[in-house]
Amino acid sequence: MRVSLDQYCINVSDLARSERFYTEGLGLSVTHRIEIPGVSEVVLEGASGNRIQLAQHHGNDQPIEHGHGLWKLYLNTDDCAGLHARALAAGAESVSEPVHLAEWNVDVAFIRDPDGYLFEIVQMGGPTGS
């Protein structure tokens, strides 16, 4: 039996704003849109083929309740500082500027998207890719 995780679906408060952020700020591509009763969704894909689905429930104007179930999502990149800056320009909040963690030989930064989801931006090998 073969099993794999395919995509994650998160609730957003403004689908158009989130789509702009995920495409312009993070560089993801829209693969398709879904309309089901009471919900509009957009599926986006990164360079690795992994996907995230954004869902806005109609008639719900409440802020997203994060609770304590989801901590963070990861973004792998070959340019941590560049993606951090691009995300900020598209409306992200910086939680942590890019830093090099020598123990793991990675560069990392943290951002929050417009709905407050926490992302860790990871560049393996640091700035030189070594």
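The numbering of the sequence shown is the numbering used here, which starts it at 665 and goes up by one. Beta carbons are placed, not taken as given, at the ideal position from N, Cα and C, and that holds for glycine.
Could you tell me the distance, in whole angstroms, from the CA atom of tyrosine 686 to the CA atom of glutamine 726?
Whole-angstrom Cα-Cα distance: 21 Å.
In three-state DSSP terms, what is histidine 721?
In the three-state scheme derived from DSSP, where H, G and I count as helix and E and B as strand, histidine 721 is classed as strand.
So valine 676 packs on leucine 739, CB below 8 Å; how close in whole Å?
About 17 Å separates the two Cβ atoms, so there is no contact after all.
When you compare each of Leu669, Val694, Met788, His721 to glutamate 767 by their alpha carbons, which one comes out closest?
Closest option to glutamate 767, judged by alpha-carbon separation, among Leu669, Val694, Met788, His721: Met788.
Identify, in the order they occur along the chain, each residue of the same chain with its Cβ nearer than 8 Å to the Cβ of leucine 692, setting aside the five sequence neighbours on each side.
Excluding sequence positions up to five before and after leucine 692, its CB lies within less than 8 Å of the CB of Tyr686, Leu708, Glu709, Gly710, Ile716, all in the same chain and listed in chain order.
Does DSSP classify tyrosine 738 as helix, strand or coil?
When secondary structure is reduced to three states using DSSP, tyrosine 738 falls in the strand class.
Provide the residue span of the alpha helix (DSSP H) that contains arginine 750, from first to last.
DSSP places arginine 750 in the uninterrupted alpha helix (DSSP H) bounded by 744-753.
Give the DSSP-derived three-state secondary structure of alanine 756 in the structure shown.
Alanine 756: coil per DSSP, three-state reduction.
Smallest Cα separation from threonine 741: which of Gly689, Tyr672, Ile674?
The option with the nearest alpha carbon to threonine 741 is Gly689.
Buried or exposed for leucine 747, going by 16 or more other Cβ atoms inside 10 Å?
With 16 or more Cβ atoms within 10 Å of its Cβ, leucine 747 is classed as buried.
Would DSSP call glutamate 705 helix, strand or coil?
In this structure, glutamate 705 counts as strand in the three-state DSSP scheme.
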